Amino acid sequence: DFPATNWDDKSIRQAFIRKVFLVLTLQLSVTLSTVSVFTFVAESVLTASLSYMVGMIASFYNTEAVIMAVGITTAVCFTVVIFSMQTRYDFTSCMGVLLVSMVVLFIFAILCIFIRNRILEIVYASLGALLFTCFLAVDTQLLLGNKQLSLSPEEYVFAALNLYTDIINIFLYILTIIGRAKE
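The sequence shown begins at 1 in full-length UniProt numbering and counts up one residue at a time.
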């Protein structure tokens, strides 16, 4: 048992409380840093991988085509995000159509592997850019909420990954269109 006189002193009690909360703060900081590493490690790995891949792909194109693709992608993305925020149309109700279109685009990609044709590849890239522009509109509305489907506030990493992959795909398809058109 502790003597009652030590605990009756107000300064000793305050020092004790400070020490307890300091240790608790350190423990929670370590826990938070560990959780944040696991939360963001997948996003970091995906970002690093896609950045490397996009850099390697862009190195096959001339600088003018890459800069043009960056500009067009930026304009498309800002336009789609602003439009998605302003429109009353619910793009989230189109998820089924977009997923079926994705399967069709995948089959078209396999066809393009076997039939090497510049026009066919430009059509494929145009359809891909259009499809991922639609995905960007859907993912933006999922993020904003108040539609048929929406994301919860805890899904911020998932939302960021969706938007990131949409934008990267739009850029790659636009780069393909510009690169193949200049040949």
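Quick reminder that beta carbons are idealized off the backbone N, C-alpha and C, glycines included.
What you are looking at is a predicted structure, and each value in this text was computed from that prediction instead of being measured.
- In the three-state reduction of the DSSP assignment, residue 169 falls in the helix class, which pools H, G and I.
- Pairwise C-beta distances place the segment 96-107 out of contact with the segment 68-83, as fewer than three of them are shorter than 8 Å.
- Rounded to whole angstroms, the gap between the alpha carbons of residue 23 and residue 126 is 58 Å.
- If you look at residue 18, you'll find it in the alpha helix (DSSP H) that goes 10-58.
- In the three-state DSSP reduction, residue 61 falls in the coil class, being neither helix nor strand.
- Burial state of residue 52 is exposed, judged by a 10 Å Cβ sphere holding fewer than 16 other Cβ atoms.
- In this structure, the alpha-carbon of residue 16 lies about 17 Å from that of residue 27.
- When secondary structure is reduced to three states using DSSP, residue 118 falls in the helix class.
- If you compare the alpha carbons of 124, 156, 117 with that of residue 183, the shortest gap goes to 117.
- In this structure, DSSP gives residue 152 a state outside helix and strand, which the three-state scheme calls coil.
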